[in-house]
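Residue numbering for the sequence shown follows my numbering, beginning at -5 and increasing consecutively.
All C-beta atoms, glycine included, are put in the ideal place defined by N, C-alpha and C.
The model shown is predicted, which means the values in this text are computed figures rather than measured ones.
Take a look at the structure set out below.
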Amino acid sequence: MRVGTLGNVVFEVSDTRVFTPSQVTRERKARIEEHQVQGALPCVEFIAPELGTFSISMTLSAALGVNPMREADSLGAMCKRGEVNRLILGGLNWGKVIIESVTQDWRNSGPGGVHTIGLTLALKEYH
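This is the structure we're talking about:
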């Protein structure tokens, strides 16, 4: 069952493959300016909204039908190329995003390569 996509990357779960986010966070911020006033408290001015950010964490495991290195390298290449992709999660279209960083935590390696990688994607809204 497909649970979402990031461009051509499909987040899915089936009886032979589990490739899904374990945690997703979204942050919205405001851009504000603080003006100093002599002898008084500063004045705060709202300028505009900031671009939204997302953090997506997942575990890539060979035991769950995923090639951890191939998937991690593919997402890293998307970051390196500065690809802009649409993020869809849980049936919701979150708009276009760019991968700011890909963090890999190699948890289990042995003969034949890495078997488990904890992966965190930092995404920024693309406008």
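Residue i versus residue j: straight-line alpha-carbon distance, rounded
i	j	result
leucine 0	isoleucine 41	30 angstroms
alanine 116	glutamate 21	11 angstroms
glutamate 27	asparagine 61	47 angstroms
threonine 110	leucine 54	6 angstroms
glutamine 98	valine 91	20 angstroms
valine 3	arginine 101	22 angstroms
leucine 83	glutamine 17	12 angstroms
serine 103	glycine 76	29 angstroms
leucine 81	glycine 33	48 angstroms
Best match in the options for proximity to residue i [C-alpha to C-alpha]
i	options	result
serine 51	Arg101, Asn61, Thr14, Gly104	Thr14
threonine 19	Thr47, Asn61, Val31	Thr47
valine 96	Glu27, Val4, Thr110, Ser68	Ser68
leucine 113	Arg80, Asn87, Ser49	Ser49
proline 105	Glu94, Glu6, Asp9, Ala56	Ala56
glycine -2	Ile93, Asp99, Trp88, Glu94	Trp88
alanine 66	Ile93, Leu81, Ile82	Ile93
Presumed contact (8 angstroms Cβ cut-off) between residue i and residue j, rounded CB distance
i	j	result
valine 12	glycine 85	Actually they are not in contact, since the Cβ atoms of valine 12 and glycine 85 sit about 19 angstroms apart, beyond 8 angstroms.
valine 108	methionine 63	5 angstroms
Nonlocal neighbours in the same chain, by C-beta distance under 8 angstroms from residue i, ignoring five residues either side
i	result
valine 31	Cys37
threonine 10	Gly59
proline 43	Arg22, Lys23, Ala24, Arg25
Contacting residues, own chain, Cβ-Cβ under 7 angstroms from residue i (five flanking each side not counted)
i	result
leucine 45	Lys118, Glu119, His121
methionine -5	Glu6, Val7, Ser8
leucine 35	none
alanine 29	Looking at the sequence shown, residue 29 is not alanine but histidine. Here the set comprises Pro36, Cys37, Glu39.
Nonlocal neighbours in the same chain, by C-beta distance under 6 angstroms from residue i, ignoring five residues either side
i	result
asparagine 79	Leu0, Gly1
glycine 70	Val96
Every unbroken beta strand (DSSP E) within the segment 42 to 80, with a cutoff of 3 residues, ordered by chain: 47 to 55
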